[in-house]
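Trainee:
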Amino acid sequence: MKLSVLLEKCEYTVDSGSLDINIKDVIYDSRKVIPGCAFVALKGYNLDGHKFIPDAVECGSTALIVEDEGVAYDGVTVVRVKDARAVLALMSVEFFGRPAEELTTIAVTGTKGKTTTVAMIRSILENAGIKTGTIGTLGILIDNRIYKTNNTTPESYEIQQAMRRMVNEGCKAMVIEASSLGLKWHRTDGILFDYGVFTNFSSDHIGDSEHKDMEEYLSCKALLFKRCKTGIINIDDENAEGVTKGHTCDIETYGYSDSADLVAHGDELIAKRGFIGVHFKTTGAEELSVDVAIPGRFSVYNALAAIAVTRHFDIPKECILNGLKTVKVKGRVEVVPVPGNYTMLIDYAHNAVSMENVLSTLREYKPHRLITMFGAGGNRPKSRRFEMGEVSGRLSDLSVVTEDNSRYEDVMDIIADIKVGLDKVGGKYVVIPNRIDAIRYCIENAEAGDIIVLAGKGHEDYQEIRGVKYHMDEREIIADIIDDNSDDEEEEKNW
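Per the numbering used here, the sequence shown starts with residue -11, numbered consecutively.
1) Counting Cβ pairs, one atom from each stretch, are 3 or more of them under 8 angstroms apart for the stretch 360 to 371 and the stretch 390 to 403?
2) To the nearest angstrom, report how far apart Y450 and D302 are at their CA atoms.
3) CB-CB under 7 angstroms to V399, same chain, minus the five flanking residues each way: which ones, in chain order?
4) Is D385 closer than 8 angstroms to R428 when the C-beta atoms are compared?
5) Quick check: the Cα distance between E452 and I11, rounded to an integer number of angstroms?
6) What does a CB cutoff of less than 8 angstroms around C159 pick up in its chain, not counting 5 residues either side in sequence?
7) Confirm, please, whether the CB-CB distance from A281 to F263 is below 8 angstroms.
8) Tell me the DSSP bridge mates of A51?
9) Are there three or more Cβ pairs, one per stretch, closer than 8 angstroms when the stretch 142 to 150 is compared with the stretch 96 to 108?
10) Do A434 and G272 come within 8 angstroms of each other at the CB atom, strictly closer than that value?
11) Taking contact to mean 3 or more Cβ pairs, one atom from each stretch, closer than 8 angstroms, check whether the stretch 438 to 445 and the stretch 324 to 342 are in contact.
12) Whole-angstrom Cβ separation of S245 and I223, contact assumed at under 8 angstroms?
13) Does the separation of the CB atoms of G124 and E165 fall below 8 angstroms?
14) Whose CA, out of K233, V389 and G409, lies closest to the CA of R423?
15) Give me the Cα-Cα distance between H193 and G184, rounded to the nearest whole angstrom.
16) Please say whether P283 and L350 have beta carbons closer to each other than 8 angstroms?
17) Which residues mark the beginning and the end of the alpha helix (DSSP H) in which D255 is found?
18) What three-state label does DSSP hand V321 in the structure shown?
19) Based on Cα-Cα distance, which residue from K269, E378 and L30 lies nearest to S387?
20) Taking the C-alpha atoms as reference points, what is the distance between E82 and V14?
21) Between which two residues does the beta strand (DSSP E) holding E452 run?
22) May I have the straight-line CA-CA distance separating R68 from Y33, to the nearest angstrom?
23) So which of I439, E204 and R454 has the shortest CA-CA distance to K260?
24) From the DSSP output, read off the bridge partner residues of E165.
25) Helix, strand or coil, according to DSSP, for L35 in the structure here?
26) When you compare each of A77, C25 and K31 to V66 by their alpha carbons, which one comes out closest?
27) Would C237 and A116 qualify as a contact pair, given that the criterion is a beta-carbon distance under 8 angstroms?
28) Alpha carbon to alpha carbon, what distance is there between G63 and T99?
29) Hey, how far is the Cα of S80 from the Cα of K457?
30) Three-state secondary structure (DSSP) at F286?
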């Protein structure tokens, strides 16, 4: 593709060379440069891509997209721009043939609930036969294949590449988690989303490499509603007005408030064998009686957002209901099949705040016992371990303390720190350092009516020890333990 075509929507100055050259790829990582590519020098918090320009030229880059003046190489086109990240996004759109124009595009922003809301929307649309790809915390998901990414909202090139793959594989819709940082750093530039969703807003991502303050954090989320056709807003959130300030889209609302376009009421918790979730009804834009297969009243808001989006598709109401009743979010209070009359969940909770949210939610279901198996990451602040121990000790009937990505620390040192928090609140606990043995203990000692939470790993399928990531998927471990126990029972009968 001609460089002039790739830059068609961009503002730039040609410092040297010609735009009438063919470009084989658009690259922003100098380690991936190929002959005939355009190298885009991005400035990050820790690294400046301009430092790698010599490497890119040596490897055959024929065009450089730069912010700095004075870059010059014989035989290489140098194009100077104000913001290389914004230009990368627009070049990527053109390079991959504007895939967003071939999909119904949905972006979800908010401090919490993005991953779950994206999964709910996908579940509903797939129930209706609308093949849907997603991009977010869990990676890029097409069919049941996951392509891992480094960020919740990947770099613009990866987003455009993923959407082209989705189109090629028959997807008709795409749902993405649009993080505040993704919006701030132009990763979603060049896409006019059909629907933008706001879930909620609370303190997070404040720091030197992220947002300077809460005002900037909110303003970055607000960018989505200048880049979509229809904005779907949680009207109950106190920042609903702030996030829509300066919006250029149509606005629709959801919430418990009677003034919302889509209103929820009559919510109640449901817990039975193989299902833990919430029931509620909706009035207003859609009248439904809904069961959601994810526990907690906060699930009502996520489900409302999903309904508010998918009601715009020409699909039967049954598809909305079935999608929400069967939805699973890998590693987010994910129910795992077990043979006994108890409930086992896998959740990503790996700090005190997320653990408090999950355990407080599950206590509302009034389990016979709430059992929490968890560890803490090595080479991370010790305060996190004390706090996690304290939260689990306070909210769990039993804590099963084990390993979790101990990295370069001794697992027993980490466990000793966790025990400080447990002892502080008098929490009951057992220590089983090996995580597989800890899971086996939970299964073999489960009682009817228990809720058991395996916390910390969530969607992760590895255990990191001494710089090595070993394969470890808790779903596989649970299935193996259950099979082993079944075989043992069968042998006893035969004996």
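From the three backbone atoms N, C-alpha and C, an ideal C-beta is built for every residue, glycine too. Note that the structure is predicted; figures quoted are calculated from it, not measured.
Mentor: Once the coordinates are examined:
1) yes
2) Taking the sequence shown and counting its residues from 1, one reaches residue 450 at position 462. Taking the sequence shown and counting its residues from 1, one reaches residue 302 at position 314. Their backbone Cα atoms lie some 41 angstroms apart in a straight line.
3) Residue mapping note: residue 399 aligns to position 411 of the sequence shown, counting from 1. Once the five neighbours on either side are set aside, the close Cβ partners of V399 are E391 and P421.
4) In the sequence shown, the residue the question calls residue 428 occupies position 440. In the sequence shown, the residue the question calls residue 385 occupies position 397. No, they are not a contact pair.
5) Start at 1 with the first residue of the sequence shown, and residue 452 comes out as number 464. Start at 1 with the first residue of the sequence shown, and residue 11 comes out as number 23. Their Cα atoms are separated by approximately 40 angstroms.
6) Start at 1 with the first residue of the sequence shown, and residue 159 comes out as number 171. Cβ neighbours of C159 beyond the five flanking positions: L91, K119, T120, G121 and I130.
7) Position 275 of the sequence shown, counted from the first residue, corresponds to residue 263. Position 293 of the sequence shown, counted from the first residue, corresponds to residue 281. Cβ atoms of F263 and A281: closer than 8 angstroms.
8) The residue you call residue 51 lines up with position 63 of the sequence shown. The partner list for A51 (beta bridge, DSSP) reads A26 and T65.
9) no
10) As a working note, residue 272 is residue 284 in the sequence shown. As a working note, residue 434 is residue 446 in the sequence shown. No, they are not a contact pair.
11) yes
12) Walking along the sequence shown from the start, residue 245 turns up at place 257. Walking along the sequence shown from the start, residue 223 turns up at place 235. S245 to I223, Cβ: 5 angstroms. Contact.
13) Reading the sequence shown from its first residue, position 136 is the one you call residue 124. Reading the sequence shown from its first residue, position 177 is the one you call residue 165. Yes, these two residues count as a Cβ contact at 8 angstroms.
14) Residue numbering aside, residue 423 sits at position 435 when the sequence shown is read from its first letter. Shortest Cα-Cα distance from R423 to any of K233, V389 and G409 involves V389.
15) For the purposes of this step, residue 193 is identified with residue 205 of the sequence shown, where counting begins at 1. For the purposes of this step, residue 184 is identified with residue 196 of the sequence shown, where counting begins at 1. Bear in mind that the predicted position of H193 carries a pLDDT of just 47, short of 50, making it unreliable; the figure below should be weighed with that in mind. Answer to the nearest angstrom: the Cα atoms are 21 angstroms apart.
16) For the purposes of this step, residue 350 is taken as residue 362 along the sequence shown, with counting starting at 1. For the purposes of this step, residue 283 is taken as residue 295 along the sequence shown, with counting starting at 1. For L350 and P283, yes; Cβs fall inside 8 angstroms.
17) Numbered from its first residue, the sequence shown carries residue 255 at position 267. Premise fails: D255 lies in the beta strand (DSSP E), L250 to K260, not in any alpha helix (DSSP H).
18) In the sequence shown, residue 321 corresponds to position 333, counting from 1. In the structure shown, V321 sits in coil (DSSP, three-state: anything other than H, G, I, E or B).
19) Along the sequence shown, one-based indexing puts residue 387 at 399. The shortest C-alpha separation from S387 is found at E378.
20) Numbered from its first residue, the sequence shown carries residue 82 at position 94. Numbered from its first residue, the sequence shown carries residue 14 at position 26. Going by the C-alpha atoms only, they are around 10 angstroms apart.
21) As a first step, residue 452 is located in the sequence shown; it is residue number 464 there, counting from the start. Y450 to I453 is the span of the beta strand (DSSP E), which, as asked, contains E452.
22) Taking the sequence shown and counting its residues from 1, the one referred to as residue 68 is at position 80. Taking the sequence shown and counting its residues from 1, the one referred to as residue 33 is at position 45. It is roughly 20 angstroms from the alpha-carbon of R68 to the alpha-carbon of Y33.
23) Along the sequence shown, one-based indexing puts residue 260 at 272. Closest option to K260, Cα to Cα, is I439.
24) For the purposes of this step, residue 165 is taken as the residue at position 177 of the sequence shown. In DSSP, E165 forms a bridge with V96.
25) In the sequence shown, the residue the question calls residue 35 occupies position 47. The answer is coil: DSSP assigns L35 none of H, G, I, E or B.
26) Position 78 of the sequence shown holds residue 66. Residue C25 is the option with its Cα nearest to V66.
27) Your numbering for residue 237 matches position 249 in the sequence shown. Your numbering for residue 116 matches position 128 in the sequence shown. Taking 8 angstroms as the Cβ cut-off, C237 and A116 do not qualify as a contacting pair.
28) For the purposes of this step, residue 99 is taken as residue 111 along the sequence shown, with counting starting at 1. For the purposes of this step, residue 63 is taken as residue 75 along the sequence shown, with counting starting at 1. Distance between the alpha carbons of T99 and G63: 47 angstroms.
29) Translated into the one-based positions of the sequence shown, residue 80 becomes position 92. Translated into the one-based positions of the sequence shown, residue 457 becomes position 469. Near 33 angstroms, if we compare the C-alpha coordinates of K457 and S80.
30) For the purposes of this step, residue 286 is identified with residue 298 of the sequence shown, where counting begins at 1. The answer is helix: DSSP assigns F286 an H, G or I state.
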